[in-house]
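Enquirer: Residue numbers (my numbering): 140 to 269.
We treat Cβ as the ideally placed atom computed from N, Cα and C, and that holds for glycine.
Sharing a structure, written as structure tokens. Questions coming.
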């Protein structure tokens with residue numbers, strides 16, 4: 140959604156996820172991958188968070204991908220930090236898991252990545268930036 144590209148084919152890559160990961164691995168700015176038609180300066184931070192989160196959700200190893208509940212938490216926390224002071228967004232969801240930073244959560248995707256080893260890979264680097 141954020142790139143404006145089709146999900147497969149076209150750019151010589153087998154999928155949009157592969158293309159996006161390649162952009163990230165080559166050190167390109169996340170904003171460079173955003174669709175020029177919707178790249179509004181006012182929303183660049185929000186779009187970058189969604190793009191990075193999308194990259195993380197398409198990681199090569201399913202065990203390192205966040206659950207949908209964790210994805211929702213990231214989006215809700217981001218929305219709360221950028222809200223207009225109204226009712227916190229999370230109050231609209233009664234069954235939402237505790238924030239990802241909750242140290243008691245042993246199967247956190249961030250924890251699994253940090254425990255994966257001393258060598259940092261692309262997914263570990265991306266985890267720190269989301």
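Would you check if the distance between the CB atom of residue 169 and the CB atom of residue 191 is smaller than 8 Å?
Expert: yes
Enquirer: Taking the alpha-carbon positions, what's the residue 232 to residue 212 distance?
Expert: Unreliable positioning characterises residue 232 in this predicted model, as indicated by a pLDDT of 42, which lies under 50. The coordinate reading is nonetheless provided below. One C-alpha to the other measures close to 10 Å.
Enquirer: Span of the alpha helix (DSSP H) holding residue 164?
Expert: 155-164
Enquirer: Can you tell me whether DSSP reads residue 176 as helix, strand or coil?
Expert: coil
Enquirer: Secondary structure at residue 204, three-state DSSP: helix, strand or coil?
Expert: coil
Enquirer: Straight-line CA distance for residue 187 to residue 172?
Expert: 9 Å
Enquirer: Please confirm whether residue 210 and residue 141 have their CB atoms less than 8 Å apart.
Expert: A distance of 8 Å or more separates the beta carbons of residue 210 and residue 141.
Enquirer: Compare the beta carbon distance of residue 163 and residue 194 with 8 Å and say whether it is the shorter of the two.
Expert: yes
Enquirer: What three-state label does DSSP hand residue 198 in the structure shown?
Expert: coil
Enquirer: Would you check if the distance between the CB atom of residue 144 and the CB atom of residue 155 is smaller than 8 Å?
Expert: Yes, these two residues count as a Cβ contact at 8 Å.
Enquirer: With distances taken Cα to Cα, identify the nearest neighbour of residue 159 among 180, 197, 201.
Expert: Per the Cα distances, 197.
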